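For reference, the structure discussed in these notes is given below.
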Amino acid sequence: MTLHIDIEKKLGTFSLQVKADVSGERTGIFGESGSGKSTLMHLVSGLMQPDKGEIILDDQCLFSSFKKTNISAEQRRIAIVFQQAMLFPHLSVKANLLYGFKRCRTENRLIKPETLIDLLKLQPLLQRGVEYLSGGEKQRVALGRAVLANPRLLLMDEPLSALDDTLRFQIIPYLRSVSEEFRIPYLFISHSLTEMQLMTDHILEIKNGRCIDETTAEQLARNRMAQSPNGYINLLHLSCPNQQRGLYSYKWGNNILFVSAGEQAEQSLFELSSREIILFKKHPEAISARNLLDCRVAEMFDSDGRVGVVLSANGEKLVAEIVRQAADELDITIGSSLFAAIKASSFRKLA
Amino acid sequence: MLDMKNSMKRITLLYVIFLIMTAPAMAGELNLSVAASLKEVINELTASYIAKHPATVFVKNFGSSGTLAGQIENGAPADLFIAANTEWMEYLKKKNLVDGSSEKTFAFNSLVFAGTTKKHVSSMNDLPVLEKIAIGSPKSVPAGEYAMAAITKADIATKLEGKLVMAKDVRECLMYAEIGEVDGAFVYRTDALQAQKAKLLFVVPQKLYPRVVYPMALTVKAAQNSEAKTFEAYLQGAEAKSVLRKYGFLLK
Amino acid sequence: MVLAPEDITAIWLSIKVALTATAISLPFGFTISWLIVFKPFRGKVLLEVFINLPLTLPPVVIGFFLLLLLGKHGWIGKLLAEYGIVLIFTWKAAVIASATVGFPLLVRSIRLGMESIDRQLIDASRTLGAHWYDTLLTIILPLSFRGILAGSSLMFARSLGEFGATIIVAGNIPGITQTIPLAIYDYASSPSSTTMALSLCMVSVLISVSVLFLHEGLTRKLDRSRAL
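Shown next, in the form of structure tokens:
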């Protein structure tokens, strides 16, 4: 998928000017509220017209003020997953799901309803009305509806922002499985770095109506480490929990981690703030923290006066955050051997 | 406290003055409830009466006799009632609302059919060819009651079903005929004479309906009113008769 | 309760006129509401004022204007007369009178219904491939149903009671245009017919109450069918 955007739009006092080239299947659009992300989405989908410029998707010109082209939203085959689901209240779940499918030309109907309904586990909901579905159920249906329209591009406008934390990270596996199974390229819009890390490869950073950076989720997380309230968020996939003496032991790659807030589920996603990791040059013989990892420094980076230390722990990656002074004092360089201490209570379960 | 008393006194004084001022107006006021077809006649007669009795003030109410009777029954102020048939006079007599001893006959009239239709209409039997015919609502308009009697007697009632447009009085009938929204209307001869656009097409044969008679009487409340009695006597006089003749009313 | 055969005719006529007026107004009311709510265009305010005019004018004034327009000398009346169509003093005129008087009520209700539709739902249907007429039929129409229902009931009830415009442009013709209000007026002019008038009044009340109950019942059914 290639998307070429070069557009201008003025809305009252707010002006948007974005010039970017997007390629790849998992792209993110990152920015704070009011930065223009939603406007950009409306312009790409055809719901709003730019004042000037061009939008070209996969060699098809969707909009051009020079050539006077403007393909209507109905014909662009760009589907949207809205923040508030926006399911049609007078139609059943099944009718909602098939709405776009029915309006898709037969030759374009590559995704079959049965497959999708299975994947998103929507079977039990099919005959129900949409009013009394839970938030998570609504978003799954919204996702299903958008995907069944067999779009060339999927726009997800903060699809998880209206959900609470536990729900949010339960839906992400559905989003990923749909993406992997059907290979529909998407633009994922959000202000959450964690969601970006999980859902996207390439990111456009938008601020005040301008595209200020084209980067990766990883790079963005690193850049924002110092200003972010929780530093760099490490996302750890843990498995095989074993409850012993009030703590859960998990496998993390070739490591074992002890976590207080664990659960019985076989696979879990945990987050760990870079600020919760204390580094030791030498093995601290006795320590209250239940986790002590033997690591090697793989990389180091600067972030606004802080230093991010990328550690390699038996093949797994961990980013710790320390002040410049500490880095100098401990004389940390690439290749250094360090011990990382993490309290069991520092891990937060996401899903 | 003293202020309040003073203003109360002032208000009462003003009120009394107001009453005194309006009293003369009420004293010489004569309320007339008159059948619609007599409008021009009564207007002319009251005008010449005022010329001779300048203190008199007339309050005139023209309408269909049935409506007027209903108003009087419900307490509307009326001193003299002139109806276009005996039915409504009898109605009020039975309810003891008019003074039977003051009842006199004012005039007579005849029923005609007038209209703007181009079709050939010269008798009752020609009427079914028309689309719309205006008639005073027989429930309250004497002209309509007379017309209905004639229609029934002439045996064309079923043929005219759905063609009859109900009017609230005979003048509305005339109006419908004048503007041409109906082909013709049953009105009095005196009304047809006033018409500008509607032509008198034929006179309804007298044998088909009872005579049109205008009884007049004083209401019970005005029975002792000398002004009212004087005016009623005036309406019986030579001058009144000449005005009636002028407008085409019959005197016997 | 005493009802003469003409009264029964008046009742059927009232219902027929009210139903017809509502039925013919619905498509126009729906289209105009849709234009006002969803389509931006210049002079919209003028349209809105024009539509709402019958609400503020006395019905007799409306009747008078209709008479001017549709009468023998009116410019629409003259045109129709050439094709042999006469509207004045027919039941069609009664329908037109009721439709004109009730139209603003219909549009008002439908508008309210449409305005409550979340615009993003329309965005959603567009991005799923529905063209404007598709969205209109599959999304806007079903979601404004409540408004349409409310407007129709209101208009139907208003038509049943329509007098001023009707008597001017359709006249009081028993069997053809004499609806319940006109029949009651006839009775009311005559002091000896008060019981007959009362009977018809009772019927009028009964019909209005039934319409209101029907409206409530249908609205509830509509709400329940959504909340599965």
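Chains as they are written, first to last, in numbering that gives the first Met the number 0: chain A, 0 to 350; chain B, 0 to 251; chain C, 0 to 227. Quick reminder that beta carbons are idealized off the backbone N, C-alpha and C, glycines included. Please read all numbers here as calculations on a predicted model, not as lab measurements.
Proximal residues to residue i (C-beta, below 8 Å), its chain only, five neighbours per side dropped
| i | result |
| --- | --- |
| Phe102 of chain C | Ser24, Phe27, Gly28, Ile50, Pro53 and Met154 |
| Glu265 of chain A | Ser238, Cys239 and Pro240 |
| Trp11 of chain C | none |
| Val219 of chain B | Asn95, Leu96, Val97 and Asp98 |
| Leu110 of chain B | Ala142, Tyr145, Ala146, Ala149, Phe185, Val186, Tyr187, Arg188, Val202, Val203, Tyr208 and Val211 |
| Thr85 of chain B | Val212 and Pro214 |
| Val94 of chain C | Val16, Thr19, Ala20 and Ile23 |
| Leu217 of chain C | Leu148 |
| Leu181 of chain C | Ala9, Phe162, Thr165, Ile166 and Asn171 |
| Arg110 of chain C | Ser32, Ile35, Val36 and Gly146 |
Terminal residues of the beta strand (DSSP E) in which residue i lies
| i | result |
| --- | --- |
| Asn241 of chain A | Ile232 to Gln243 |
| Ser44 of chain A | No beta strand (DSSP E) holds Ser44 of chain A; the alpha helix (DSSP H) holding it covers Lys36 to Ser44. |
| Thr26 of chain A | Arg25 to Phe29 |
| Ser22 of chain A | Phe13 to Ser22 |
| Gly135 of chain B | Ile132 to Gly135 |
| Phe229 of chain C | No answer is possible for residue 229 of chain C: it lies beyond the span of chain C, which begins at 0 and ends at 227. |
| Glu213 of chain A | Arg209 to Thr215 |
Close beta carbons around residue i, own chain, < 7 Å, minus the five adjacent residues each side
| i | result |
| --- | --- |
| Leu159 of chain B | Leu126, Pro127, Ile132 and Ile150 |
| Gly252 of chain A | Asn313, Gly314 and Glu315 |
| Gly11 of chain A | none |
Chain B residues whose Cβ lies nearer than 9 Å to that of residue i
| i | result |
| --- | --- |
| Gly112 of chain C | Result: empty, since nearest Cβ-Cβ is about 39 Å, beyond 9 Å. |
| Asp117 of chain C | Simply none; closest approach about 51 Å. |
| Phe88 of chain C | Glu130, Lys131, Val164, Tyr175, Glu180 and Val181 |
Contact set for residue i: own chain, Cβ-Cβ below 6 Å, skip 5 residues either direction
| i | result |
| --- | --- |
| Ser160 of chain A | Gln82 |
| Asn107 of chain A | Asn149 |
| Leu292 of chain A | Ala312 and Ala339 |
| Pro23 of chain B | The predicted position of Pro23 of chain B is uncertain, since its pLDDT is 48 and thus under 50; a value taken from the coordinates is nonetheless stated next. Once the five neighbours on either side are set aside, Pro23 of chain B has no close Cβ partner at all. |
| Ser151 of chain C | Thr21 |
| Glu31 of chain A | His190 |
| Asp2 of chain B | none |
| Trp90 of chain C | Ile175 and Thr176 |
| Leu192 of chain A | Ala220 |
CB contact flag (residue i, residue j, <8 Å)
| i | j | result |
| --- | --- | --- |
| Tyr208 of chain B | Ala156 of chain B | no |
| Ala17 of chain C | Leu159 of chain C | yes |
| Ala277 of chain C | His214 of chain C | Since the first residue of chain C shown is 0 and the last is 227, residue 277 of chain C is not available in this structure. |
| Asn229 of chain A | Arg274 of chain A | yes |
| Leu329 of chain A | Cys294 of chain A | no |
| Phe107 of chain B | Val212 of chain B | yes |
| Arg305 of chain A | Ala343 of chain A | no |
| Ile6 of chain A | Ile54 of chain A | yes |
| Val203 of chain B | Asp168 of chain B | no |
| Phe162 of chain C | Pro4 of chain C | no |
| Met155 of chain A | Ile188 of chain A | yes |
| Thr126 of chain C | Ile77 of chain A | yes |
| Leu147 of chain A | Leu174 of chain A | no |
| Met195 of chain A | Arg25 of chain A | no |
| Ile4 of chain A | Lys18 of chain A | yes |
| Gly334 of chain A | Glu320 of chain A | no |
Limits of the alpha helix (DSSP H) - the one that residue i falls within
| i | result |
| --- | --- |
| Ser241 of chain B | Ala237 to Lys245 |
| Pro172 of chain A | Asp164 to Phe181 |
| Asn290 of chain A | That residue, Asn290 of chain A, is in no alpha helix (DSSP H); its beta strand (DSSP E) goes Asn290 to Ser302. |
| Cys172 of chain B | Val169 to Ile178 |
| Val59 of chain C | Pro58 to Leu69 |
| Thr21 of chain C | Pro4 to Phe37 |
Contacts of residue i in chain B (Cβ-Cβ under 7 Å)
| i | result |
| --- | --- |
| Gly174 of chain C | Glu160 and Gly161 |
| Gly170 of chain C | Val164 |
Contact set between residue i and chain A, taken where Cβ atoms lie within less than 8 Å
| i | result |
| --- | --- |
| Leu127 of chain C | Ala78, Tyr98, Gly99, Arg102, Arg144, Ala145 and Ala148 |
Within chain A, partners of residue i - CB distance below 7 Å
| i | result |
| --- | --- |
| His130 of chain C | Glu73 |
Where residue i meets chain C, residues with beta-carbon distance less than 7 Å
| i | result |
| --- | --- |
| Phe181 of chain A | None at all; the shortest Cβ gap to chain C is about 16 Å. |
| Lys138 of chain B | Asp185, Tyr186, Ser188, Ser189 and Ser192 |
Where residue i meets chain A, residues with beta-carbon distance less than 9 Å
| i | result |
| --- | --- |
| Leu120 of chain C | Met85, Leu86, Phe87 and Pro88 |
Residue i: contacting residues in chain C (beta-carbon distance under 8 Å)
| i | result |
| --- | --- |
| Glu144 of chain B | Result: empty, since nearest Cβ-Cβ is about 10 Å, beyond 8 Å. |
| Thr229 of chain B | Residues of chain C passing the Cβ test: none, with the nearest at roughly 29 Å. |
Given a limit of 7 Å on CB to CB distance, which residues of the stretch 63–79 of chain C reach chain B?
Per Cβ criterion, the list reads Gly70 and Lys71.
Output, in sequence order along the chain, the residues in the stretch 38–72 of chain A whose CB is closer than 9 Å to any CB in chain C.
His41, Ser44, Gly45, Leu46, Ser71 and Ala72
Members of the stretch 3–17 of chain B near chain C, C-beta cut-off 8 Å:
Using a CB distance below 8 Å, no part of the stretch 3–17 of chain B faces chain C.
Give the residues from the stretch 129–163 of chain C that approach chain A closer than 9 Å (Cβ to any Cβ), ordered along the chain.
Across the stretch 129–163 of chain C, CB contacts with chain A closer than 9 Å involve Ala129, His130, Trp131, Asp133, Thr134, Thr137, Ile138, Pro141, Leu142 and Phe144, in sequence order along the chain.
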